[in-house]
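Chemist: Going line by line, the protein sequences match chains A and B. Reminder that position 18 of the first sequence reads as 18 in the working numbering, one-by-one numbering, no gaps. Reminder that position 270 of the second sequence reads as 270 in the working numbering, one-by-one numbering, no gaps. Quick one: structure below, then a few questions.
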Amino acid sequence: MSREGYQVPTASAGSGAVARGSTGMQDTRSSIMSYLCGDCGGSVHLGKDSTVACPHCAGRVLYKERTKRMVQFEAR
Amino acid sequence: MAPTATSTEWDHEYHTLRRENLFRNPPKDHTAYPALQAAVDPHIESFDRLFRDDGKPGLLAHGLADIGTKIYLDGDERAGPEGKNRIGIRIKDVNLQRAQVPPSNKQAKNREIFPAECRERHVTYRGKLSATFEYRLNGGDPVEFTRELGQVPIMLKSNKCHLQNNSPELLVKRKEESEELGGYFIVNGIEKIIRLLQLNKRNFPMAINRPSFQNRGPGYTPYGIILRSVRPDETSQTNVLHYLNDGNMTFRFSWRKNEYLIPVMMILKALVETNDREIFEGLVGPAGSKSAENTFLTDRVELLLRTYKSYGLYTKHETRAYLGEKFRIVLGVPDTMSNYEVGTEFLRRIVLVHLGNIDVTPAQDADKYKLILFMIRKLYALVAGDCAVDNPDAVQHQEVLLGGFLYGQILKERLDEFLGVGVRASVRDWVRRHPGVPFTSDDFRKDFPGNIFRKANENIGHSLEYFLSTGNLQSPSGLDLQQTAGFTVVAEKLNFLRFISHFRMIHRGAFFAQLKTTTVRKLLPESWGFLCPVHTPDGAPCGLLNHMAHKCKIMTDSIDVSAIPALAAELGVSEISCASTEDSVAVVLDGKVLGFCSPKESLRIADCFRYWKVEGTHGVPLQLEIGYVPPSRGGSYPGIYLTSTPARFVRPVKYLPLQKEDYVGPYEQPYMSIAVVPEEVESGRSTHVEFDPTDMLSILANMTPFSNFNQSPRNMYQCQMGKQTMGTPGAAIRHRTDNKSYRLQTGQTPIVRAPLHNTYGFDNYPNGFNAVVAVISYTGYDMDDAMILNKSAHERGFGHGTIYKTKKISLKDDSRTKASKSVTKAFGFAPHSFVSASYQGMLDDDGLPHIGRMVQEGDVICAWHTVTPDYNGNLVNLDGITHYEKYKDGETGFVEEVRLIGAETGNEPLQTISMKLRVPRSPIIGDKFSSRHGQKGVCSQKWPAIDMPFSESGMQPDIIINPHAFPSRMTIGMFVESLAGKAGALHGLAQDATPFKFTEENTAAEYFGHQLMKAGYNYHGNEPMYSGITGEELGADIYIGLVYYQRLRHMVNDKYQVRTTGPIVPTTGQPIKGRKRGGGIRVGEMERDALLAHGTAFLLQDRLLNCSDYAKSWICRRCGSFLSVQPTVSQFAPGKKKAPSIVRCRNCAVKLDDSEGIDLTEVQGEIWEDGQGNQWVGGDQTTQVVVPGALKYLDVELAAMGVKLKYRVDRGDEPRKGPMRPASAPAIPVA
């Protein structure tokens, strides 16, 4: 049993996570995201459950856009 | 002014601006690298022949004619055909559409589906297959209808592909490489090619001596004639003549994987109306000819004729009816045919099908008759020793199975099976369900074809997709091939060299891989110019997996030879012949005997044909193969064998009399005199000269600079390593979704290269980098093929590479059942669910990772939840649980692309995403590099630049390799490359590295030495160097120069495997296997032997016990058993872990309840309790020992079989010797 590999002890999920500011997903926030059409290059707004197709050209492959968040990591 | 056409001429220079322009402005007319396209053309052209554009019937049209009309009868199955209604149905036409969006997708304006989309969506690039059927009820008016037969994968750039004849500019617009080659299929987003196979030369009677022929039955000898006869639709039927030791002959063929034997006389008599005298004279020669005195021959022919008498069949009609009766069931012909018709059908379908396969005319039957006579003659000559066997392993007697042709064969067979089995069963089923209802009724008209066809499996496209994705051939006939698996391979785009090699690769067949003998693997001189002698892997597939020489072409269409028979007759070919090859030799065109002439005349005829064909006159086509076999004593059977068929090799050489290009085939080449270089031309003997001696090498072998200076195995190694290099797969990396793709970030064009490097456009796909290489033993870190990298060079990006991994995440369950189409899962966080902040930070609101994010082991890469449709069709989540997919690889990566993949119909919510991760791989210690001369090495140190040796001009090497790498390997080419590279860099030149350019008088060392001298460097390439550590001059001058290095894809990060503890196999307690799961490397018997021999007992114990299945375990010293001990249970002991458990032996203890009347106060020893509350006393001689876990496992397994193991823990427990005594239970000491 001790050979199964060392597992990092985790704080029980209930107490710690709330303190770190977790959220319940709000339904009110409309999760409409913007994507790029692989065919025509136009921007596509997809809501939840909407079909995956470009409204301009019915392109069937959509790309996620480069994030606008700050992306930072150590360069070494 | 019209823009000038894109130039396709290339030399060895850099052409930097021209290439930049080609990159910036892809040509609008045609590619600048036609040689590259020509390398792949055989694949595409063979596919194009299935459905031709030029008005001629395609292969499938020929195939449909061969399938013919199928007949279904109604009424009782057991009754005869009389009075029944019958439907005769045939496939009139088959049509393949280009890839299109299904009609159910209403929004798409652009209906085409391009290959790039199929790659990105991980689907198959395919088009709809439909067939037009035509049926007649009781021979009435034909009725036509069309059915769809599923979707069939389409070869890229074929005539059914949107990319056919696209200009580079258009290709780039369609998200392809500007030099997209095509020739492969896309199946489930993976590029697959059908690999080329070597087969026996078609329509050629090959003399064989094969001992296994004797196994056919009593009397069979090893002698035989094999003729692989090919129908116009490229399917083949092999006919074999066997020689029996009494002089008789049988005709063998295989039909639907079963073998059949027929006396050859029966075939002869069935083909034409003939008599014994005609056959005798046809075999021996006219009466009075010289061969009539050849008693060996006449005796045997006489016996052949006499033994056939026992059948009592004399006329053609009788014989055909006899054959028909015997083969009626085998051929599966309708009951309505008479025996004579079945016999005719037999001859049409099986006997020498290349001479007449559809609507066979009497003239064609006569051709078949003549060819069989010729085969018999050749067989008798073989048995008599007048002619030698033909070697089926030489390319001389081989041709190629092209991918498109095989594809057509499968398609034809599927169509045949569909009509002959599928629909037939469906019709029979209908008849059974509706007893007494005739075909003429309205009921039937309602169900035919619609419902009846639907019940038969109409999805023919699926079976082809299966074939391409697995490479397995599922065929009732076996397609006359020797293997059923391994027909397709993935066209890996690891780097461009590997990719292009797939198309030039040609395999001997899986069957030959199992052979113990090495004869099939031999490099034969016949292969010259057709197969590359260098480019074959070493190891298991050596010599079986060859690559075509770069100038070698494969014919994909038959050429017009209609003028040949008349020309032959004009030149003196006549019908009259005799068996002696000294008097008459045959002139054969594509397996059809045109006539005979004297050996002397045959040379003249062959020479005339040769001259005309190069000249282009008299209607003799340039690619015609004129196999003139001169008469010899016991050599190959002489004659002229003309070949015009597709699927054979040809290669260009220069014809000396006209100084023009001629095409030479492998059959004729051994009998010709082709000079390799002009100086070699022998007046009066040589007819041809090679255009270039490097024509015999494959594309890859031509990329090795100065390969003629190297020892030949080193060039083979380079051909392997060139294909394992981390290079540049292409320019359209954004639109590719390979599972794993390697890319070199700092690729360069080699300074030293052959002009073919440019001809094939390899500068578009750089495969390595020019490195300053010093050959010096410097630190000791370059021992044994290790190499030292300059750390500063590494920090400037030397050899930096990247791996792209694509992960497809699909929420659809992978089950094959198409029925459950409902959506049950959706991407994103479940509403109102709990999401930790760290997870939310990793993903966007749509539950997908954001582009540019770093992912590490254990990070989440997407979120999903279950959904169910509510009453108005909206998908809602009910459980409020968000599920996550985790990143499991140990290596850090970056999200490069996230693709949302929609359905073809355009009406599905998001179910599949495809994510591309970028894993940076800078060179680290343990990564593998190689030069282009089979000199591979592993980076052993990144040495600080300040400590590197430097030259007088202050230069430091990028790479240090050890001088010991050279003496035994003799890769002088690498020295020359180093010299040439250095001179080229100093003068700014590209150096031509074509092999065979330098001679003894004009040496490479001299040429490049002078260049170096002009630049002010040492003539020999050596330089005085100074130690980077002490600053002192080194004792010897160091050989330093520029060599093009490749970074190989084998990197430590994918290979290292180390553990002390980790996951174990539960049963034995030993470490599990496999790097991926964190397992160990086995210390096997030989490793154990080594440790024993060294006397390293502690190391041995550490490896075999401590790091493996070390197990502490209790044992009873008294009974010596692991199995009888058990922990005691105290009912007073609180909690679980408290109180160190006491272990007792249950076997040695005495249960107190059993022995009644014991006074508990008198009992000696401690009383203990087991789990059930029973009380025991004794059994306390237990102890703890360390044993391998596997030993305990063995003990348990043996106990299960009733075998007891008893262990002696120390001396005192030694077994007692002497006579057996009944074991007595220890008496409970009662005072």
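Ideal placement from N, C-alpha and C gives every residue a C-beta, glycine not left out. Since we're looking at a predicted model, the values are computed, not measured.
Shortest alpha-carbon distance to Gln669 (chain B) belongs to which of B:Leu756, B:Thr725, B:Lys886 and B:Val395?
Modeler: If we check each option's Cα against that of Gln669 (chain B), B:Val395 comes out closest.
Chemist: Give the range of the alpha helix (DSSP H) segment to which Ile500 (chain B) is assigned.
Modeler: Segment Phe496 to Arg504, the alpha helix (DSSP H) holding Ile500 (chain B).
Chemist: Just by C-beta distance, which residues in the segment 887 to 904 of chain B are closer than 8 Å to chain A?
Modeler: Of all residues in the segment 887 to 904 of chain B, Glu897, Val898, Arg899, Leu900, Ile901, Gly902, Ala903 and Glu904 have a Cβ within less than 8 Å of some Cβ in chain A.
Chemist: Quick check: is the beta carbon of Thr10 (chain A) nearer than 8 Å to any beta carbon in chain B?
Modeler: In this prediction, Thr10 (chain A) has a pLDDT of 48, which is less than 50 and means its spatial position is unreliable; nothing more can be read from the coordinates.
Chemist: For a contact meaning CB atoms closer than 7 Å, what does Cys57 (chain A) contact in chain B?
Modeler: Correct list: Lys109 and Asn110.
Chemist: Is the number of C-beta pairs between the segment 618 to 632 of chain B and the segment 173 to 191 of chain B that are closer than 8 Å three or more?
Modeler: Contact between the segment 618 to 632 of chain B and the segment 173 to 191 of chain B is absent, because fewer than three Cβ pairs lie under 8 Å.
Chemist: Would you mind listing the alpha helix (DSSP H) stretches within the segment 189 to 256 of chain B that are 4+ residues and don't spill past its ends, in chain order?
Modeler: Correct list: empty.
Chemist: Between the Cα of His933 (chain B) and those of B:Cys719, B:Leu910, B:Thr1061 and B:Asp738, spot the shortest distance and give me the residue it belongs to.
Modeler: Comparing Cα positions, the closest option is B:Cys719.
Chemist: Check whether the segment 937 to 953 of chain B and the segment 679 to 686 of chain B are in contact - that is, three or more C-beta pairs closer than 8 Å.
Modeler: Counting Cβ pairs under 8 Å, fewer than three are found: no touch.
Chemist: Which of helix, strand or coil does DSSP assign to Trp1114 (chain B)?
Modeler: Trp1114 (chain B): strand per DSSP, three-state reduction.
Chemist: Would you check if the segment 604 to 613 of chain B and the segment 563 to 575 of chain B touch, i.e. whether three or more CB-CB distances between them fall below 8 Å?
Modeler: The segment 563 to 575 of chain B vs the segment 604 to 613 of chain B: in contact.
Chemist: For a cutoff of 8 Å on Cβ pairs, would you count Ser43 (chain A) as touching chain B?
Modeler: Judged by the 8 Å Cβ criterion, Ser43 (chain A) is not in contact with chain B.
Chemist: Compute the Euclidean distance between the alpha carbons of Leu656 (chain B) and Ser527 (chain B), then round it to the nearest angstrom.
Modeler: Going from the Cα of Leu656 (chain B) to the Cα of Ser527 (chain B) covers about 22 Å.
Chemist: Using a Cβ-Cβ cut-off of less than 9 Å, give me the residues of the segment 539 to 561 of chain B that come near chain A, in sequence order.
Modeler: Listed by position along the chain: nothing, the set is empty.
Chemist: Among residues of its own chain, excluding the 5 on either side of Arg206 (chain B), which ones have a beta-carbon nearer than 6 Å to its beta-carbon?
Modeler: In the sequence on display, residue 206 (chain B) carries Met and not Arg. Ile226, Asp390 and His397.
Chemist: Taking 8 Å as the limit between beta carbons, can you name the residues of its chain near Lys654 (chain B), skipping five residues before and five after?
Modeler: Cβ neighbours of Lys654 (chain B) beyond the five flanking positions: Lys660, Glu661, Asp662, His688, Val689, Glu690 and Phe691.
Chemist: Please list, in chain order, the chain B residues whose beta carbon lies closer than 8 Å to that of Ser50 (chain A).
Modeler: Neighbours of Ser50 (chain A) on chain B, chain order: Pro909.
Chemist: What span of residues does the alpha helix (DSSP H) with Asn767 (chain B) cover, start to end?
Modeler: Segment: none, Asn767 (chain B) is in no alpha helix (DSSP H) and carries neither H nor E.
Chemist: Please work out which residues of its chain come closer than 6 Å, Cβ to Cβ, to Pro449 (chain B), disregarding the five sequence neighbours upstream and downstream, and give them in chain order.
Modeler: Result list for Pro449 (chain B): Phe145, in chain order.
Chemist: Mind reading off the beta-carbon distance from Gly247 (chain B) to Leu303 (chain B)? Whole number of angstroms is fine, and I expect it under 8 Å.
Modeler: Indeed, because the Cβ distance is near 5 Å, the residues count as touching under 8 Å.
Chemist: Skipping 5 residues on each side, what residues in its chain have a beta carbon closer than 6 Å to that of Leu523 (chain B)?
Modeler: Correct list, in chain order: Pro533.
Chemist: Fully enclosed by the segment 938 to 1012 of chain B, which beta strand (DSSP E) runs are 3 residues long or longer?
Modeler: The qualifying runs are 959 to 961.
Chemist: Alpha helix (DSSP H) containing Phe145 (chain B): first to last residue?
Modeler: Phe145 (chain B) -> not in any alpha helix (DSSP H); beta strand (DSSP E) instead, spanning Val143 to Pro153.
Chemist: Going along the segment 841 to 864 of chain B in order, which residues come within less than 7 Å of chain A, judged by CB to CB distance?
Modeler: Listed by position, the residues of the segment 841 to 864 of chain B near chain A (Cβ gap below 7 Å) are Asp844, Asp845, Asp846, Leu848, His850, Ile851, Gly852, Arg853 and Met854.
Chemist: Per the DSSP calculation, Pro849 (chain B) is bridged to which residue(s)?
Modeler: According to DSSP, which records beta bridges pairwise, Pro849 (chain B) is partnered with B:Leu843.
Chemist: Excluding the 5 residues flanking Lys157 (chain B) on each side, which residues of the same chain have their C-beta closer than 6 Å to its C-beta?
Modeler: Result list for Lys157 (chain B): Ile44, Leu163, Gln164 and Gly182, in chain order.
Chemist: Output yes if chain A places a C-beta closer than 8 Å to the C-beta of Gly1189 (chain B); else output no.
Modeler: Judged by the 8 Å Cβ criterion, Gly1189 (chain B) is not in contact with chain A.
Chemist: Is the distance from the Cβ of Leu347 (chain B) to the Cβ of Ile91 (chain B) below 8 Å?
Modeler: It is not a contact, given that the beta carbons lie outside the stated cut-off.
Chemist: Measuring straight from C-alpha to C-alpha, what distance separates Gly1035 (chain B) and Phe975 (chain B)?
Modeler: Each residue's Cα considered, the two are about 21 Å apart.
Chemist: So Val61 (chain A) packs on Gly38 (chain A), CB below 8 Å; how close in whole Å?
Modeler: Yes, they are in contact, since the Cβ atoms of Val61 (chain A) and Gly38 (chain A) sit about 4 Å apart, within 8 Å.
Chemist: Ala53 (chain A) touches chain C at which residues, Cβ-Cβ below 7 Å?
Modeler: This model lacks chain C altogether, as its protein chains are A and B.
Chemist: Using the beta-carbon of each residue, which ones in chain A are nearer than 8 Å to Glu120 (chain B)?
Modeler: Simply Gly38 and Val61.
Chemist: Is Ala79 (chain B) buried or exposed, if buried means 16 or more other CB atoms sit within 10 Å of its CB?
Modeler: Under this definition Ala79 (chain B) is an exposed residue.
Chemist: Whole angstroms are fine: how far does the CA of Ala1097 (chain B) sit from the CA of Leu1198 (chain B)?
Modeler: Whole-angstrom Cα-Cα distance: 29 Å.
Chemist: With H, G and I counted as helix, E and B as strand and the rest as coil, what does DSSP make of Arg1144 (chain B)?
Modeler: Here Arg1144 (chain B) sits in strand by DSSP.
Chemist: If we define contact as Cβ-Cβ less than 8 Å, is Gly828 (chain B) a contact residue for chain A?
Modeler: True, the Cβ-Cβ gap to chain A drops below 8 Å.
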